[in-house]
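**Student:** First, the structure itself, so that you have it in front of you.
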Amino acid sequence: MKPKINLKPHMHEELPLHKEGANVFLKIMTAVSVFVFTLMFSAFLVLDGVAQNWREGMDNTLTVQMMPSEEALPKKEEDARRQKVLAFFENLDSVESVRLIPDEEMQKLMSPWLGAKADLSVLPLPALLDVKLKAEASPDFEAMAAELAETAPYATFDNHRLWLGRLVKFASVLRLLALIVLLMVLTVSALSIFYAVCTSLGVHREIISILHIMGAKDNYIAAQYARRSFDIGFGAGLVGMLLGVSGILGISRVASVLNTALLGNLSLDTLDWFFIATLPLWSALLSMITAWLSVKRTLRKMV
Amino acid sequence: MPLQREISGEPIVDMLHVGLHYDDGPEIMTDINLSLENGSFHFLTGKSGAGKTSLLSLMYLALKPTAGTVTVFGQNVAFADRDEMALMRRRIGVVFQEFRLLEHLSAYDNVAVPLRIRGMGEKEIKRRVGELLRWVDLEKSRDKICNTLSGGEKQRVAIARAVINRPEILLADEPTGSVDDDIGGRIMKLFIELNRLGTTVVIATHSQDLITQYPYPRIHLENKMLKIFPAVRRKFDEA
């Protein structure tokens, strides 16, 4: 009779690891971990892009708006009010240049709401000043606002840096949270593999003892666990990654209606997608290395 | 590996003032001194619980002594690291009384285990295992999973697994206990042949027939102590 041909390498594995009940737990745990990892990693990358976008928006500018007087003033007086504010900013040490936004530019800014041919002169729109601060300047905006309110109570300014800075900080906190979740997923996965391996070594203690007596080195036994863990890590990792990608695509569809001017580009680039596609491999490698080290560590305690 | 090993008078297993106890339990052996010459053949006797299995365990390096020194292949086992112990164990074949087969594997795969551990190629494994299974009359059962084999078949698988590596030391615990006289005779013939080729053999047995039938000295364990009796020659000479 011809010997049985082993089509699968584990068919004659001395340790029956592919039949273990814990495999189902490991597969589900790995798939969920890779799923969460995929989403969190994408969130990390997107938040990084959004924060970068906001950081770039933190240029050294202020937009000052001067509300028109409630009663109609002659043009000369209106100009004087504007000049007063213009002079206020020009006299500040931290200011590099001040520019009154001309009517044509205002027309362009308002065109999305009022149409390209609207007559802005009949509307009580505020006049705008574009103030450029010196690169190294870090003025006290609150004191500046108080002084402006005293000089020209009809003028106010938006400090871009202040609220963009808060947004960047917020994005950074979210990014840090995503990073913590990623680390937690990795730690929990590694611990689950470690305890599953320890349990399995206990279950197969007799077989391991026989293999040792036959002359097996710890590496021989560890290799069987590493192979099993690689298979589970890759298979379940693939499922988790595909679910994660489906999740990303779903979230992208919802996010596409958001204000991209505010949030910037919410999509992942080719390199990001490439890394996500390789996650099953990373999952397999992590599982394999964890199993290998766990077996080696545990077997050292045996004779 | 040479077919015929050089037999020297050097001890292949040397035990000096060896004591053994499990955890906080009582001593199983006290001040055991034993020197097995390379190429020797011994029976190991003693009542149940006398420590035969423990003495064999010390020889196949599953246990380390709690007192004294055990030297195997010239190396003090107390100073051998895990990998060195594994390499030494590969030179030792063991037949357990309760067989200790890998029950989920076939007879073929069980016998192949020591060769796979050594990293031998499947082609050579197929040749060697096939040959040995034919010899122990298990060719027809080669693909049977071990938990479906009879006691006698399991014993023959265990013996085939122990000798497949052509060990330098062969330790067998009641190797003919579960087989009929014909197979028992063939197994003893195999052990004697291995011994002629240089393998040091120790057979633990309760069988008085075996001891009187074959002309080998006897290590006897009693009251935690060890005595060596010379060979009983009568039946062997008649044979």
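Chains A and B, in that order, give the protein sequences. For the first sequence, position 75 (counting from the first letter as 1) is numbered 1268 according to my numbering, and the numbering increases by one without interruption. For the second sequence, position 79 (counting from the first letter as 1) is numbered 207 according to my numbering, and the numbering increases by one without interruption. We treat Cβ as the ideally placed atom computed from N, Cα and C, and that holds for glycine.
1) For a minimum of 4 consecutive residues, which ranges assigned as the alpha helix (DSSP H) are wholly contained in the stretch 187 to 243 of chain B?
2) Assuming A/Thr-1254 and A/Leu-1321 are in contact, meaning their beta carbons sit under 8 angstroms apart, how far apart are those beta carbons, in whole angstroms?
3) Just the chain A side, please: which residues come within less than 9 angstroms of B/Ala-190 by C-beta, in chain order?
4) Is there a Cβ from chain A that is less than 8 angstroms from the Cβ of B/Leu-172?
5) According to DSSP, is A/Pro-1196 part of a helix, a strand, or is it coil?
6) Between the C-alpha atoms of A/Lys-1212 and A/Trp-1475, what's the straight-line distance to the nearest angstrom?
7) Specify the secondary structure class of A/Asp-1241 as computed by DSSP and reduced to three states.
8) What residues in the stretch 201 to 216 of chain B bring their beta carbon closer than 9 angstroms to a beta carbon of chain A?
9) Name the one or two DSSP bridge partners that A/Asp-1323 has.
10) Put B/Arg-346 into one of helix, strand or coil per three-state DSSP.
11) Excluding the five sequence neighbours on either side, which residues of its own chain have a C-beta within less than 7 angstroms of the C-beta of B/Ile-315, listed in chain order?
12) Just to confirm before moving on: does the CB-CB distance between B/Gly-196 and B/Leu-144 stay below 8 angstroms?
13) Are any of the Cβ atoms in chain B nearer than 8 angstroms to that of A/His-1211?
14) For a test of the three-state rule: what should DSSP assign to B/Leu-299, helix, strand or coil?
15) Using 8 angstroms as the limit for Cβ to Cβ distance, is A/Pro-1473 near chain B?
16) Could you give the distance in angstroms between the alpha-carbon of A/Leu-1442 and the alpha-carbon of A/Ser-1385?
17) Are the C-beta atoms of A/Ala-1416 and some chain B residue less than 8 angstroms apart?
18) Counting contacts by CB-CB distance shorter than 8 angstroms, is B/Arg-284 in contact with chain A?
19) Assuming A/Ala-1273 is part of the alpha helix (DSSP H), what are its boundary residues?
20) Sort A/Gly-1408, A/Phe-1228 and A/Ile-1373 by Cα distance to A/Leu-1435 and report the nearest one.
21) Just to confirm my understanding: we take B/Gly-247, look at its own chain, exclude 5 residues before and 5 after, and list those with CB closer than 8 angstroms. What are they?
22) Which chain A residues are close to B/Pro-345, counting only those with a beta carbon under 9 angstroms from its beta carbon?
23) With H, G and I counted as helix, E and B as strand and the rest as coil, what does DSSP make of A/Met-1481?
24) List the endpoints of the continuous beta strand (DSSP E) containing B/Ala-332.
25) Mind checking who A/Ala-1348 pairs with in its DSSP beta bridge?
26) What residue from A/Leu-1472, A/Ile-1403, A/Ser-1480 and A/Ile-1482 has the CA that sits closest to B/Val-239's CA?
27) Is the stretch 289 to 303 of chain B touching the stretch 319 to 328 of chain B, taking contact as three or more C-beta pairs under 8 angstroms?
28) Of all Cβ atoms in chain B, is any one closer than 8 angstroms to the Cβ of A/Tyr-1413?
29) Classify B/Asp-142 as helix, strand or coil using the three-state DSSP reduction.
30) If I follow the unbroken alpha helix (DSSP H) through B/Leu-164, where does it start and stop?
31) Let me check understanding here. Comparing Cα to Cα, which of A/Tyr-1347, A/Pro-1319 and A/Met-1377 lies closest to A/Phe-1234?
32) Counting only runs that start and end within the stretch 1397 to 1459 of chain A, where is the alpha helix (DSSP H) found for 4 or more residues in a row?
33) Do you know whose CA, among B/Ile-311, B/Ile-356 and B/Asp-301, lies nearest B/Phe-224's CA?
34) Looking only at C-alpha atoms, which of A/Trp-1247, A/Arg-1446, A/Ser-1226 and A/Val-1447 sits nearest to A/Gly-1428?
35) Consult DSSP for B/Gly-147 and reduce its assignment to one of helix, strand or coil.
36) Within this structure, are the beta carbons of B/Asn-275 and B/Glu-231 separated by less than 8 angstroms?
**Tutor:** In terms of the structure at hand:
1) 210 to 217
2) As a working mapping, residue 1254 of chain A is identified with position 61 in the first sequence. As a working mapping, residue 1321 of chain A is identified with position 128 in the first sequence. That belief does not hold up - the Cβ atoms of A/Thr-1254 and A/Leu-1321 are roughly 11 angstroms apart, past 8 angstroms.
3) Position 62 of the second sequence, counted from the start, is the residue given in the question as residue 190 of chain B. Neighbours of B/Ala-190 on chain A, chain order: Ser-1402, His-1405, Ile-1406 and Val-1496.
4) What you label residue 172 of chain B is simply residue 44 of the second sequence in a count that begins at 1. Closer than 8 angstroms: no.
5) Within the first sequence, residue 1196 of chain A is the residue found at index 3, counting from 1. For A/Pro-1196, the predicted model reports a pLDDT of 39, less than 50, meaning its position is unreliable and no value from the coordinates is stated.
6) By one-based count along the first sequence, residue 1212 of chain A stands at place 19. By one-based count along the first sequence, residue 1475 of chain A stands at place 282. Between A/Lys-1212 and A/Trp-1475, the C-alpha separation is close to 24 angstroms.
7) Position 48 of the first sequence, counting from 1, holds the residue named residue 1241 of chain A. A/Asp-1241 falls in the helix class under three-state DSSP.
8) Arg-210, Asp-211, Met-213, Ala-214, Leu-215 and Met-216
9) As a first step, residue 1323 of chain A is located in the first sequence; it is residue number 130 there, counting from the start. According to DSSP, A/Asp-1323 bridges with A/Thr-1256 and A/Arg-1292.
10) Here residue 346 of chain B refers to the residue found at position 218 of the second sequence. Correct three-state label for B/Arg-346: strand.
11) Reading the second sequence from its first residue, position 187 is the one you call residue 315 of chain B. Excluding positions up to five away in sequence, the list reads Ile-287, Pro-303, Thr-304 and Val-307.
12) Looking up residue 196 of chain B in the second sequence gives position 68. Looking up residue 144 of chain B in the second sequence gives position 16. In contact: B/Gly-196 and B/Leu-144 (Cβ atoms closer than 8 angstroms).
13) Position 18 of the first sequence, counted from the start, is the residue given in the question as residue 1211 of chain A. So no, A/His-1211 is outside the interface.
14) On the second sequence, residue 299 of chain B is found 171 positions in, with the first residue counted as 1. Correct three-state label for B/Leu-299: strand.
15) In the first sequence, the residue the question calls residue 1473 of chain A occupies position 280. It does not; no Cβ of chain B falls within 8 angstroms.
16) The count along the first sequence starts at 1 and reaches residue 1442 of chain A at position 249. The count along the first sequence starts at 1 and reaches residue 1385 of chain A at position 192. Answer to the nearest angstrom: the Cα atoms are 29 angstroms apart.
17) Here residue 1416 of chain A corresponds to residue number 223 of the first sequence, with the count starting at 1. For A/Ala-1416, the answer is no, since every Cβ of chain B falls outside 8 angstroms of its Cβ.
18) Along the second sequence, read from residue 1 onward, the residue named residue 284 of chain B stands at position 156. No, B/Arg-284 does not count as interfacial toward chain A.
19) If you number the first sequence from 1, residue 1273 of chain A lands on position 80. Looking at the DSSP string, the run of the alpha helix (DSSP H) that includes A/Ala-1273 is 1268 to 1283.
20) By 1-based counting over the first sequence, the position of residue 1435 of chain A is 242. Selected option, being the one with the closest Cα: A/Phe-1228.
21) As a working mapping, residue 247 of chain B is identified with position 119 in the second sequence. Excluding positions up to five away in sequence, the list is empty.
22) The residue labelled residue 345 of chain B in the question sits at position 217 within the second sequence. Under the 9 angstroms cutoff, chain A gives no residues; its nearest Cβ is about 25 angstroms from B/Pro-345.
23) Numbered from its first residue, the first sequence carries residue 1481 of chain A at position 288. In this structure, A/Met-1481 counts as helix in the three-state DSSP scheme.
24) Start at 1 with the first residue of the second sequence, and residue 332 of chain B comes out as number 204. First-last of the beta strand (DSSP E) with B/Ala-332: 328 to 332.
25) Translated into the one-based positions of the first sequence, residue 1348 of chain A becomes position 155. BP columns for A/Ala-1348 point to A/Met-1259.
26) Numbered from its first residue, the second sequence carries residue 239 of chain B at position 111. Taking only the C-alpha atoms, the option nearest B/Val-239 is A/Ile-1403.
27) yes
28) Within the first sequence, residue 1413 of chain A is the residue found at index 220, counting from 1. Taking Cβ atoms only, chain B reaches closer than 8 angstroms to A/Tyr-1413, which makes this a yes.
29) In the second sequence, counting from the first residue as 1, residue 142 of chain B sits at position 14. Correct three-state label for B/Asp-142: strand.
30) The sequence position of residue 164 of chain B within the second sequence is 36, counting from 1. First-last for B/Leu-164: 155 to 165, but that is the beta strand (DSSP E), not the alpha helix (DSSP H).
31) Translated into positions along the first sequence, residue 1234 of chain A becomes position 41. Taking only the C-alpha atoms, the option nearest A/Phe-1234 is A/Met-1377.
32) 1398 to 1406, 1411 to 1448 and 1453 to 1456
33) By one-based count along the second sequence, residue 224 of chain B stands at place 96. Selected option, being the one with the closest Cα: B/Asp-301.
34) Indexing the first sequence from 1 puts residue 1428 of chain A at position 235. Per the Cα distances, A/Ser-1226.
35) Translated into the one-based positions of the second sequence, residue 147 of chain B becomes position 19. DSSP places B/Gly-147 in strand when its eight states are reduced to three.
36) As a first step, residue 275 of chain B is located in the second sequence; it is residue number 147 there, counting from the start. As a first step, residue 231 of chain B is located in the second sequence; it is residue number 103 there, counting from the start. Cβ distance < 8 angstroms, so B/Asn-275 and B/Glu-231 count as in contact.
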